[in-house]
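Each residue of the sequence shown is one higher than the last, beginning at 211 in the working numbering.
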Amino acid sequence: MPSKSGKKNAGIFGLAGGVVSAIAGIATKSTNNHVGLGLIAVGAILLVFGAMLWYSVRNDGTRRRRKVRLDPAKLAASLDDGQRLVFDAALPGVANEVANIVDVPAGLVRANLFAQVPGTNRIGMVADLWFQMNDESERTIRMDIGSGSAGTAFASRNLNRAIWKDGWGRNDIGDNAELEKVNPELRWILSAPVFASDGTAAKLVLNVDGLRETPTADRLADAIGHLPRFANLIAKTLDL
Numbered sequence: 211m212p213s214k215s216g217k218k219n220a221g222i223f224g225l226a227g228g229v230v231s232a233i234a235g236i237a238t239k240s241t242n243n244h245v246g247l248g249l250i251a252v253g254a255i256l257l258v259f260g261a262m263l264w265y266s267v268r269n270d271g272t273r274r275r276r277k278v279r280l281d282p283a284k285l286a287a288s289l290d291d292g293q294r295l296v297f298d299a300a301l302p303g304v305a306n307e308v309a310n311i312v313d314v315p316a317g318l319v320r321a322n323l324f325a326q327v328p329g330t331n332r333i334g335m336v337a338d339l340w341f342q343m344n345d346e347s348e349r350t351i352r353m354d355i356g357s358g359s360a361g362t363a364f365a366s367r368n369l370n371r372a373i374w375k376d377g378w379g380r381n382d383i384g385d386n387a388e389l390e391k392v393n394p395e396l397r398w399i400l401s402a403p404v405f406a407s408d409g410t411a412a413k414l415v416l417n418v419d420g421l422r423e424t425p426t427a428d429r430l431a432d433a434i435g436h437l438p439r440f441a442n443l444i445a446k447t448l449d450l
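Right under this line is the structure:
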């Protein structure tokens with residue numbers, strides 16, 4: 211017989227899944243691309259926060275959370291099933307929300323995380339925690355803390371925005387070997403630090419970036435303001 215918490219979990223996820231399915235159905239039938247994208251983004255957001263609510267109920271103090279390892283090569287493997295579920299919803303969710311805001315096709319917007327490489331002054335993309343990062347070489351990219359968009363966000367503890375204009379300017383990672391791994395169609399990057407619970411130090415960086423099309427500066431400025439909500443969700447999920 212299902213436990214009370216099990217019934218809560220099933221109810222929360224069932225509701226979230228039902229709402230998302232309904233919204234997706236409406237979106238695919240819509241003749242207006244903007245309406246369709248908007249509905250899909252709303253669905254993604256509901257799924258993300260439905261997953262977070264499910265995880266909160268599941269870990270209501272009766273379960274001991276596994277200690278996560280903030281190492282780009284080991285973080286994903288250290289997650290428990292509930293944490294993984296949140297990430298599997300959050301990364302597509304933030305990418306789709308940003309795509310809707312900047313008005314570009316959702317298939318051109320990606321999401322990933324960066325973490326510090328232990329014993330170094332560099333950060334690397336977290337293995338197996340990304341969305342639409344299809345180039346295996348690009349997923350191995352590393353940069354110095356303070357370089358590149360992610361490295362700048364990590365060091366400064368502030369949001370950072372990078373736009374390709376015949377180069378990356380102050381956001382160049384300064385390492386030609388690593389730069390060669392970057393998708394040549396990359397046009398913009400939005401980066402948000404993920405803080406420890408005391409808010410004093412960045413532990414990770416959440417990145418959303420886009421290929422081929424460059425949105426207006428105003429749309430990117432609007433979109434980057436949505437990343438901290440997802441960064442906070444990640445911090446709570448990992449109990450940083």
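Idealized CB from N, CA, C, for every residue including glycine.
These numbers were taken from a predicted model, which means no experiment stands behind them.
Item: Could you check the C-alpha separation between residue 278 and residue 316 for me, to the nearest Å?; Value: 30 Å
Item: Figure out for me which residue from 406, 434 and 337 has the closest Cα to the Cα of residue 373.; Value: 434
Item: For residue 329, count neighbouring Cβ atoms within 10 angstroms of its own Cβ and tell me buried if that reaches 16, exposed if not.; Value: exposed
Item: Quick check: the region 308-325 against the region 399-417, are there 3 or more CB pairs under 8 Å?; Value: yes
Item: Contact between the region 431-445 and the region 290-308: three or more CB pairs below 8 Å?; Value: yes
Item: Is the CB-CB distance between residue 333 and residue 391 below 8 Å?; Value: no
Item: From which residue to which residue does the alpha helix (DSSP H) around residue 292 run?; Value: 291-312
Item: Taking the continuous beta strand (DSSP E) assigned at residue 322, which residues delimit it?; Value: 319-326
Item: What residues in its chain sit with their C-beta under 6 Å from that of residue 288, if we drop five residues either side in the sequence?; Value: 278 and 279
Item: Among the residues of its own chain, which have a CB less than 6 Å from the CB of residue 356, if the five just before and after it don't count?; Value: 365
Item: Tell whether a beta-carbon distance below 8 Å holds between residue 336 and residue 319.; Value: no
Item: Can you tell me where the alpha helix (DSSP H) with residue 387 in it begins and where it stops?; Value: 386-389
Item: Distance, Cα to Cα, residue 425 vs residue 375?; Value: 12 Å
Item: Please determine, among 432, 310 and 399, the residue with the shortest C-alpha to C-alpha distance to residue 419.; Value: 399
Item: In three-state terms, what does DSSP make of residue 403?; Value: strand
Item: What is the DSSP secondary structure of residue 277, reduced to helix, strand or coil?; Value: coil
Item: Could you give the distance in angstroms between the alpha-carbon of residue 404 and the alpha-carbon of residue 293?; Value: 16 Å
Item: In this structure, does DSSP put residue 376 in helix, strand or coil?; Value: coil
Item: Relative to the C-alpha of residue 422, which candidate in 345, 397, 438 and 368 has its C-alpha closest?; Value: 397
Item: Using only the alpha-carbon positions, how far apart do residue 382 and residue 296 sit?; Value: 31 Å
Item: Verify the contact flag: residue 416, CB atom, against every heavy atom of the ligand MG, threshold strictly below 7 Å.; Value: You won't find the ligand MG in this model; it holds no ligand whatsoever.
Item: If I measure Cβ to Cβ from residue 402 and keep anything under 6 Å in the same chain, skipping five residues before and after, which residues do I get?; Value: 369, 416, 437, 438 and 441
Item: Any idea what DSSP makes of residue 333, helix, strand or coil?; Value: strand
Item: Please report the straight-line C-alpha distance between residue 386 and residue 409, rounded to a whole angstrom.; Value: 33 Å
Item: Using only alpha-carbon positions, find the residue among 389, 284 and 447 that is nearest to residue 347.; Value: 389
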